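Asks: Residue numbers for the sequence shown follow UniProt numbering, beginning at 1 and rising by one.
We treat Cβ as the ideally placed atom computed from N, Cα and C, and that holds for glycine.
In this text, all values refer to a predicted model and were calculated from it rather than measured experimentally.
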Amino acid sequence: MTVENGETAMSTDQPTTDARPAAVAAPAARAGGAAWLRRISPGRYSGVLAALLVVCVYLAITEPVFGTWDNLMNIVKANSVMFVLALGATFVIISAGIDLSVASATAASAMILGLTLRAGWATVPAIVVTLLFGLGLGLLMGATISWLKISFLVVTLGGLSIYQSFALVVNDGATISVFGLSGFSPIRTFVNDEIAGVPLLLLFDVALLLIAGGVLRYTRFGRALFAVGSNPEAARLNGINVGAILLAVYGIAGLTAGIASIVQVGRLTGASPESDPTLLLTVITAVLIGGTAYTGGEGGVFGTMIGVLFLGVVQNGLTLSGVNTFWQGMVSGLILIGAVGLEVLRRRGRLPRLRRGGPPPESPPAAPAPAAGPLA
1 MTVENGETAM STDQPTTDAR PAAVAAPAAR AGGAAWLRRI SPGRYSGVLA
51 ALLVVCVYLA ITEPVFGTWD NLMNIVKANS VMFVLALGAT FVIISAGIDL
101 SVASATAASA MILGLTLRAG WATVPAIVVT LLFGLGLGLL MGATISWLKI
151 SFLVVTLGGL SIYQSFALVV NDGATISVFG LSGFSPIRTF VNDEIAGVPL
201 LLLFDVALLL IAGGVLRYTR FGRALFAVGS NPEAARLNGI NVGAILLAVY
251 GIAGLTAGIA SIVQVGRLTG ASPESDPTLL LTVITAVLIG GTAYTGGEGG
301 VFGTMIGVLF LGVVQNGLTL SGVNTFWQGM VSGLILIGAV GLEVLRRRGR
351 LPRLRRGGPP PESPPAAPAP AAGPLA
């Protein structure tokens with residue numbers, strides 16, 4: 001069985017080894033080496049990276065405020081919630097799924113944080129409960145999808161409605177103000193403070209990026225995830241527990257919703273039961289324009305970071321240019337359609353693939369069965 005792994009820079013997957021007979025092992029090893037070079041190539045997100053650079057240069061010339069350090073750091077802070085959610089969404093989309101409930105799960109988790117802080121809880125217990133709550137919401141989606149074999153679109157669409165209703169019910173639709181509460185002070189410090197002019201949020205985002213990239217690139221779970229996204233039946237025949245992988249990726253998405261809710265509450269100084277109507281769209285758009293294939297099996301978190309930066313810079317540029325905020329959602333929608341359209345054309349062979357040698361796209365190296373373990 002062969003499965004096609006993703007091609008990314010900071011690739012997030014790992015070079016494969018070959019378990020076939022010695023007669024074909026040497027050529028396969030050479031192909032595998034070439035495949036590794038392709039995976040560290042920025043081919044999958046080179047387009048959006050080039051677009052990001054062009055937009056940055058244009059805005060730096062036309063809007064002098066854009067290039068200031070304060071404005072650039074404001075872009076980072078303003079898009080931190082989207083970035084955290086996009087990391088989790090990358091795992092889900094690599095598995096050939098999608099989670100439509102992440103925005104409402106973030107709102108529900110924010111309400112849990114607000115309720116615990118208002119009840120006088122200390123910071124650490126409130127954060128732990130919030131993270132566990134978000135994780136539980138994701139695991140619920142994953143369990144329903146993997147065990148009941150219900151379409152991820154149906155399950156997560158239902159989750160969107162359930163979690164949004166929960167967020168509204170727990171406090172009668174009212175926002176919970178946490179400003180001035182003792183348990184909120186450390187959260188506010190974390191979200192707003194800087195070290196030598198660098199926001200703590202930026203350092204936190206980089207740490208999450210490295211952790212997520214390491215999980216995808218260097219762990220057996222990461223290799224199994226790419227195999228499941230490429231061909232779940234082939235992955236199953238190779239001994240991978242597909243249900244466990246799906247449970248894990250939706251759990252990761254739920255955990256990132258819990259993390260994002262903490263950042264959101266820290267920025268807003270309150271827990272709002274209303275989820276941002278554009279948040280889900282921008283999260284999915286960032287992942288797809290960052291090079292993760294909507295069909296699964298390809299992608300990575302470094303490209304997702306580029307996608308988040310691109311959307312954040314475009315939104316900031318539109319704001320600086322005086323464009324009405326109502327138009328900004330339309331721009332995100334057009335970018336999403338364009339990204340998916342380009343991916344479709346690429347898969348049909350109508351766009352060139354940026355590669356660095358090795359076999360043609362239709363001849364990827366074989367993926368081995370993972371070693372025995374809890375996920376196998």
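Closer than 8 Å: is that where the CB of K77 sits relative to any heavy atom of the ligand ATP?
Replies: Here there are no bound small molecules, and the ligand ATP is not part of this structure.
Asks: Figure out for me which residue from L59, G136, L87 and W327 has the closest Cα to the Cα of G214.
Replies: Of L59, G136, L87 and W327, the residue nearest in Cα terms is L87.
Asks: What number of angstroms, rounded off, separates the C-alpha of L148 from the C-alpha of L135?
Replies: Going from the Cα of L148 to the Cα of L135 covers about 19 Å.
Asks: Specify, as a first and last residue, the run of the alpha helix (DSSP H) that K149 falls within.
Replies: Per DSSP, K149 belongs to no alpha helix (DSSP H) and is neither H nor E.
Asks: Determine whether the beta carbon atoms of L160 and S95 lie at a separation below 9 Å.
Replies: Result no, Cβ atoms of L160 and S95 do not sit closer than 9 Å.
Asks: Return yes when the Cβ of T62 is within less than 9 Å of the Cβ of G300, no when it is not.
Replies: No, they are not a contact pair.
Asks: Could you check whether T116 and G183 sit closer than 9 Å to each other, using their CB atoms as the reference points?
Replies: It is a contact, given that the beta carbons lie within the stated cut-off.
Asks: Measuring only the C-alpha atoms, how far is A196 from P186?
Replies: When rounded, the distance between both Cα atoms is 19 Å.
Asks: If you count every other CB in all the chains shown that lies within 10 Å of the CB of L288, and 16 or more means buried, which is it?
Replies: Label assigned to L288: buried.
Asks: Which same chain residues end up closer than 7 Å to F133 when comparing Cβ atoms and leaving out the 5 residues on each side of it in sequence?
Replies: Contacts found: S109, I112 and G258.
Asks: Since V55 contacts G317 with CB under 8 Å, what's their CB separation in whole angstroms?
Replies: The pair is a contact, with the Cβ atoms about 6 Å apart (cut-off 8 Å).
Asks: The alpha helix (DSSP H) that contains G254, what's its start and end?
Replies: Taken as a continuous stretch (DSSP letters only), the alpha helix (DSSP H) holding G254 covers V242 to L268.
Asks: Quick check for students: name the residue ranges of the alpha helix (DSSP H) that lie wholly in the region 168-256, counting only runs of 4 or more.
Replies: Qualifying alpha helix (DSSP H) stretches, in chain order: 185-192, 200-218, 220-230 and 232-237.
Asks: Starting from R44, trace the alpha helix (DSSP H) both ways and give me its first and last residue.
Replies: Segment: none, R44 is in no alpha helix (DSSP H) and carries neither H nor E.
Asks: Looking only at its own chain, which residues have a Cβ that is under 6 Å from the Cβ of A260, when we skip the five neighbours before and after it?
Replies: Hits under 6 Å: V81, V84, L85 and T106.
Asks: Taking the DSSP output, what are the residues bridged to A271?
Replies: Looking at the DSSP assignment, A271 forms a beta bridge with I176.
Asks: Excluding the five sequence neighbours on either side, which residues of its own chain have a C-beta within less than 8 Å of the C-beta of G251, listed in chain order?
Replies: Once the five neighbours on either side are set aside, the close Cβ partners of G251 are L135, G138, L139 and G142.
Asks: Under three-state DSSP, which class holds R118?
Replies: Here R118 sits in helix by DSSP.
Asks: In angstroms, rounded to a whole number, what distance separates the CA positions of T269 and I240?
Replies: Roughly 44 Å separates the two Cα atoms.
Asks: Looking at T295: is its Cβ nearer than 9 Å to the Cβ of T304?
Replies: Against a cut-off of 9 Å, the Cβ pair of T304 and T295 comes out as no contact.
Asks: Whose C-alpha, out of I145, A119 and V76, is nearest the C-alpha of G158?
Replies: Checked all of I145, A119 and V76; the closest Cα to G158 is I145.
Asks: Does DSSP classify V323 as helix, strand or coil?
Replies: Coil.
Asks: Would you check if the distance between the CB atom of V265 and the CB atom of G114 is smaller than 9 Å?
Replies: Yes.
Asks: G297: buried (16+ other C-beta within 10 angstroms of its C-beta) or exposed?
Replies: Buried, because 16 or more other Cβ atoms sit within 10 Å of the Cβ of G297.
Asks: My guess is that L311 and A271 are in contact by the Cβ rule of under 8 Å, so how many angstroms apart are they, rounded?
Replies: Their Cβ separation, rounded to whole angstroms, is 25 Å, which puts L311 and A271 out of contact at 8 Å.
Asks: Using CA coordinates, which residue listed in V155, V191, V198 and N324 is at the minimum distance from W69?
Replies: Checking every option, the nearest Cα to that of W69 belongs to V198.
Asks: Applying the criterion that 16 or more other CB atoms from any shown protein chain within 10 Å of the CB defines a buried residue, is F326 buried or exposed?
Replies: The residue is exposed, with fewer than 16 neighbouring Cβ atoms inside 10 Å.
Asks: Note down, in chain order, each residue of its chain lying with its Cβ closer than 7 Å to the Cβ of V48, except the 5 sequence neighbours on either side.
Replies: Excluding residues within five positions, the ones whose Cβ falls inside 7 Å are I289, G290, I306, G307 and F310.
Asks: Pick from N74, Q164 and L336: whose alpha carbon is nearest that of T282?
Replies: Taking only the C-alpha atoms, the option nearest T282 is L336.
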